[in-house]
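Undergrad: Quick mapping for you: the protein sequence lines, in order, are chains A and B. Last residue of the first sequence: 282 (this note's numbering), numbering continuous. Last residue of the second sequence: 545 (this note's numbering), numbering continuous. Positions of the beta carbon are idealized from the N, C-alpha and C atoms, including for glycine.
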Amino acid sequence: MKIKITIPVAKAKEIARLQALKLSEKTLAKSSAANSFLTDIADVVLFITHLMKETFSRKFELREFFHQCFLIGYKSLPLISVTGTIMGLVLTIQSRPVMVRFGAETLLPGMVAVSLIREMGPVITALICAGKVASGMGAELGSMKVTEQIEAMEVSSTHPMRFLVVTRVMAATLMIPLLILYADALGILGSWIGSNIKGDVSFVLFFSQAFSHIGFVDLMPSVVKSFFFGAVIGLVGCYKGYNAGRGTESVGKAANSAVVLASLLVLIVDVIAVQITDMLGK
Amino acid sequence: MKTEQTEPTEPIVPETPKKAPKEAVIEINNLYKSFGTLEVLKNLSLKLYDGENLVVLGKSGSGKSVLIKCIAGLLRSDSGTINVYNQNVLAMDRKELDEVRQKIGFLFQSGALYDSMTVRGNLEFPLKRMKEHLKQKEIDEKINVALENVGLLDVIDKMPSQLSGGMRKRISLARTIVVDPKIILYDEPTTGLDPITSDEISVLINDIQKKYKTSSIIITHDIECARMTADRLIMIQDGEVYEKGSLNKFEKSTDNVIKSFFK
Numbered sequence: 001m002k003i004k005i006t007i008p009v010a011k012a013k014e015i016a017r018l019q020a021l022k023l024s025e026k027t028l029a030k031s032s033a034a035n036s037f038l039t040d041i042a043d044v045v046l047f048i049t050h051l052m053k054e055t056f057s058r059k060f061e062l063r064e065f066f067h068q069c070f071l072i073g074y075k076s077l078p079l080i081s082v083t084g085t086i087m088g089l090v091l092t093i094q095s096r097p098v099m100v101r102f103g104a105e106t107l108l109p110g111m112v113a114v115s116l117i118r119e120m121g122p123v124i125t126a127l128i129c130a131g132k133v134a135s136g137m138g139a140e141l142g143s144m145k146v147t148e149q150i151e152a153m154e155v156s157s158t159h160p161m162r163f164l165v166v167t168r169v170m171a172a173t174l175m176i177p178l179l180i181l182y183a184d185a186l187g188i189l190g191s192w193i194g195s196n197i198k199g200d201v202s203f204v205l206f207f208s209q210a211f212s213h214i215g216f217v218d219l220m221p222s223v224v225k226s227f228f229f230g231a232v233i234g235l236v237g238c239y240k241g242y243n244a245g246r247g248t249e250s251v252g253k254a255a256n257s258a259v260v261l262a263s264l265l266v267l268i269v270d271v272i273a274v275q276i277t278d279m280l281g282k
Numbered sequence: 283m284k285t286e287q288t289e290p291t292e293p294i295v296p297e298t299p300k301k302a303p304k305e306a307v308i309e310i311n312n313l314y315k316s317f318g319t320l321e322v323l324k325n326l327s328l329k330l331y332d333g334e335n336l337v338v339l340g341k342s343g344s345g346k347s348v349l350i351k352c353i354a355g356l357l358r359s360d361s362g363t364i365n366v367y368n369q370n371v372l373a374m375d376r377k378e379l380d381e382v383r384q385k386i387g388f389l390f391q392s393g394a395l396y397d398s399m400t401v402r403g404n405l406e407f408p409l410k411r412m413k414e415h416l417k418q419k420e421i422d423e424k425i426n427v428a429l430e431n432v433g434l435l436d437v438i439d440k441m442p443s444q445l446s447g448g449m450r451k452r453i454s455l456a457r458t459i460v461v462d463p464k465i466i467l468y469d470e471p472t473t474g475l476d477p478i479t480s481d482e483i484s485v486l487i488n489d490i491q492k493k494y495k496t497s498s499i500i501i502t503h504d505i506e507c508a509r510m511t512a513d514r515l516i517m518i519q520d521g522e523v524y525e526k527g528s529l530n531k532f533e534k535s536t537d538n539v540i541k542s543f544f545k
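1. Is there at least one Cβ from chain A nearer than 9 angstroms to B/GLY447's Cβ?
2. Less than 9 angstroms between CB atoms is the rule here; does A/ALA254 satisfy it with respect to chain B?
3. Using only the alpha-carbon positions, how far apart do B/GLY333 and B/SER497 sit?
4. Please state the DSSP three-state secondary structure of B/ILE516.
5. Going by the DSSP bridge assignment, what does B/TYR494 pair with across the sheet?
6. The alpha helix (DSSP H) with B/ASN426 in it runs from where to where?
7. Relative to the alpha-carbon of A/PHE211, which residue among A/VAL251, A/CYS69, A/ALA113 and A/ALA130 has its alpha-carbon at the smallest distance?
8. What's the C-alpha gap between A/PHE56 and A/PHE206?
9. With three or more C-beta pairs closer than 8 angstroms as the rule, is the stretch 230-241 of chain A touching the stretch 163-179 of chain A?
10. Taking beta-carbon pairs under 9 angstroms, can you tell me which members of the stretch 336-359 of chain B lie near chain A?
11. Measuring only between beta-carbons, confirm whether B/GLN395 sits less than 9 angstroms from chain A.
12. Could you pull out every residue in the same chain whose Cβ sits closer than 8 angstroms to the Cβ of A/ILE93, ignoring the five residues on either side in sequence?
13. Can you find a CB in chain A that lies within less than 9 angstroms of the CB of B/GLU289?
14. Going by CA-CA distance only, name the one from A/SER115, A/ASN256 and A/ILE48 that's closest to A/VAL217.
15. Below 6 angstroms CB to CB, which residues in the same chain sit around A/PRO109 once its five sequence neighbours on both sides are set aside?
16. Within the same chain, show all residues whose beta-carbon is closer than 8 angstroms to that of B/ASP397, passing over the 5 residues directly before and after it, in chain order.
17. Along chain B, in chain order, which residues have C-beta atoms closer than 9 angstroms to that of A/THR340?
18. By the criterion of Cβ-Cβ separation under 7 angstroms, what are the contact partners of A/THR158 in chain B?
19. Answer yes if the stretch 408-420 of chain B comes into contact with the stretch 475-492 of chain B, meaning at least three C-beta pairs across the two stretches below 8 angstroms, and no otherwise.
20. With the cut-off set at 9 angstroms, would you say B/ALA428 and B/ILE386 are in Cβ contact?
21. Quick one: which chain B residues come within Cβ less than 9 angstroms of A/GLU151?
22. Leaving out the 5 sequence neighbours to the left and right, which residues in its chain are closer than 7 angstroms to B/ILE350 when beta-carbon positions are compared?
What follows is the structure, given as structure tokens:
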């Protein structure tokens with residue numbers, strides 16, 4: 001049996017109008033999101049272009065660069081020392097029983113050294129630095145933006161991009177690889193401490209075994225990717241801080257998003273670096 | 283309190299009526315500035331004469347701060363001209379703008395003191411950047427003089443976080459005058475201060491004008507500050523010049539918008 005439903009023309013027109021309105025609202029929302037995404041991309045491109053231009057300008061802020069190197073490098077030493085030592089210690093304590101079971105205990109120093117230098121050292125240290133350095137930069141520059149300190153600098157004939165951003169990005173690019181090498185060294189030391197908890201290995205023997213397994217192909221890619229980690233951390237921290245909004249809330253947001261984005265980009269750079277190393281290895 | 287003021291085209295000092303009008307150090311013509319679809323400044327024109335204090339009044343969001351940020355080249359206007367000592371700021375490259383900025387001092391609403399530096403560092407920073415030829419001894423001397431002028435020489439080695447709001451404002455003012463600017467742009471100099479400290483800042487503005495022979499634009503909605511410092515006033519409403527003239531003209535105005543400020 002068929003049921004015939006009749007709707008008055010006026011009501012049908014109203015329903016059609018409301019549906020069209022909903023559709024247009026959805027379209028506008030999507031278009032606004034797409035616009036915002038494209039604007040963000042354009043902002044990043046402009047920021048990097050400006051940064052490059054200022055980096056290669058004649059007046060480099062050497063004094064501020066050294067100050068930033070001190071803050072990023074020296075001030076991070078206690079944290080990186082603890083992290084590096086624990087990395088080696090834990091890796092050794094976790095791996096030792098398995099290595100003993102397979103009768104490969106003598107390979108333990110080499111295994112720990114290679115995994116620390118190739119992967120764990122750079123990535124974990126970079127992630128720690130993303131937390132400490134990128135958030136610090138994001139919060140500091142964000143707070144300077146909110147309190148008009150960046151504008152005050154500009155009216156004092158100082159280029160804020162050159163003084164604040166270039167120095168920080170360059171310092172991070174230089175100091176983070178050094179911190180990573182330092183963490184690697186302490187990681188191997190931690191591994192020796194770990195080996196001595198349940199065994200008795202001399203310091204010299206342990207280190208000579210560890211270094212006998214490390215070659216140029218282990219060290220070089222790790223050092224190269226460390227520079228990229230440093231650049232990414234500096235760049236993200238500064239970008240988020242420099243482009244913070246107006247209120248105090250935006251300082252927290254800048255610091256938070258700097259950590260999240262820098263950590264994510266460190267991992268992405270690592271994947272790309274591993275792929276490139278793998279391709280070059282073949 | 284200042285005596286009755288005059289119109290821009292008239293002599294500024296009433297006692298010398300035959301004296302020719304002073305030279306305009308800042309001349310703004312048909313200035314437009316928008317942020318997206320929001321028009322902040324619309325066809326705004328004004329002049330700042332040599333040696334005068336021009337107070338710009340207006341409600342929050344009327345475009346007062348945007349105006350002085352355009353003058354200092356911190357914001358780029360959409361159209362119009364801003365001439366500072368007959369040089370159009372909008373047509374300048376960065377180097378030329380830096381040269382003009384040597385003549386302009388800017389007192390920010392928040393003080394904008396560098397948190398990571400001591401008071402001495404805050405004053406040293408612009409001096410070392412803008413007056414590169416100065417020796418350390420001369421820099422120290424200038425810092426001491428600027429701090430003495432704001433009455434805060436004893437806090438020279440303190441950090442900004444150790445200072446009160448009024449002290450921060452004074453130090454910020456010292457940082458502005460330490461480079462001997464010819465023009466000072468004050469962005470709400472008395473905002474967030476108690477009435478006594480506000481009056482002290484207003485007195486300081488007048489003292490600095492006399493001592494350093496500066497011309498100033500004072501952005502404010504503090505009527506007491508306007509009364510104490512103004513040689514001439516301009517009111518901005520919705521990005522346009524709503525009224526301009528002497529303090530007397532504003533105080534006697536029957537216009538409701540102006541009356542709401544001066545009640």
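TA: Let me spell this out:
1. Here residue 447 of chain B refers to the residue found at position 165 when the second sequence is read from its first residue. Not one chain A Cβ lies under 9 angstroms of B/GLY447.
2. In the first sequence, the residue the question calls residue 254 of chain A occupies position 254. False, the Cβ-Cβ gap to chain B never drops below 9 angstroms.
3. The residue given as residue 333 of chain B occupies position 51 in the second sequence. The residue given as residue 497 of chain B occupies position 215 in the second sequence. Computed Cα separation, rounded: 4 angstroms.
4. As a working mapping, residue 516 of chain B is identified with position 234 in the second sequence. B/ILE516 falls in the strand class under three-state DSSP.
5. On the second sequence, residue 494 of chain B is found 212 positions in, with the first residue counted as 1. None, per the DSSP bridge assignment.
6. The residue you call residue 426 of chain B lines up with position 144 of the second sequence. Per DSSP, B/ASN426 belongs to the alpha helix (DSSP H) from 418-431.
7. Translated into the one-based positions of the first sequence, residue 211 of chain A becomes position 211. That would be A/ALA113, whose Cα lies nearest to the Cα of A/PHE211.
8. Within the first sequence, numbered from 1, the residue matching residue 56 of chain A stands at position 56. Within the first sequence, numbered from 1, the residue matching residue 206 of chain A stands at position 206. Whole-angstrom Cα-Cα distance: 45 angstroms.
9. yes
10. LYS351, ALA354, GLY355 and LEU356
11. Start at 1 with the first residue of the second sequence, and residue 395 of chain B comes out as number 113. Going by the sequence as given, residue 395 of chain B is Leu instead of Gln. Yes, because at least one Cβ of chain A sits closer than 9 angstroms to the Cβ of B/LEU395.
12. Along the first sequence, read from residue 1 onward, the residue named residue 93 of chain A stands at position 93. Same-chain partners within the cutoff: GLY194 and ILE197.
13. Start at 1 with the first residue of the second sequence, and residue 289 of chain B comes out as number 7. Since pLDDT at B/GLU289 reaches only 45, below the 50 mark, its modelled position is unreliable, and the value read off the structure follows with that caveat. Judged by the 9 angstroms Cβ criterion, B/GLU289 is not in contact with chain A.
14. For the purposes of this step, residue 217 of chain A is taken as residue 217 along the first sequence, with counting starting at 1. The option with the nearest alpha carbon to A/VAL217 is A/SER115.
15. In the first sequence, residue 109 of chain A corresponds to position 109, counting from 1. Closer than 6 angstroms at the Cβ level, and outside the excluded window around A/PRO109, lie PHE206, GLN209 and ALA210.
16. Residue 397 of chain B sits at position 115 when you count from the first residue of the second sequence. Cβ neighbours of B/ASP397 beyond the five flanking positions: MET441, PRO442 and SER443.
17. Absent from the model: residue 340 of chain A. The displayed extent of chain A is 1 to 282, so no value can be given.
18. As a working note, residue 158 of chain A is residue 158 in the first sequence. Chain B residues near A/THR158: ARG411.
19. no
20. The count along the second sequence starts at 1 and reaches residue 428 of chain B at position 146. The count along the second sequence starts at 1 and reaches residue 386 of chain B at position 104. Not a contact, by the Cβ cut-off of 9 angstroms.
21. The residue you call residue 151 of chain A lines up with position 151 of the first sequence. Those are LYS351, ALA354, LEU356, PHE388, PHE390 and ALA394, listed as they occur along chain B.
22. Taking the second sequence and counting its residues from 1, one reaches residue 350 of chain B at position 68. Hits under 7 angstroms: LEU467, ASP469, ILE499 and ILE501.
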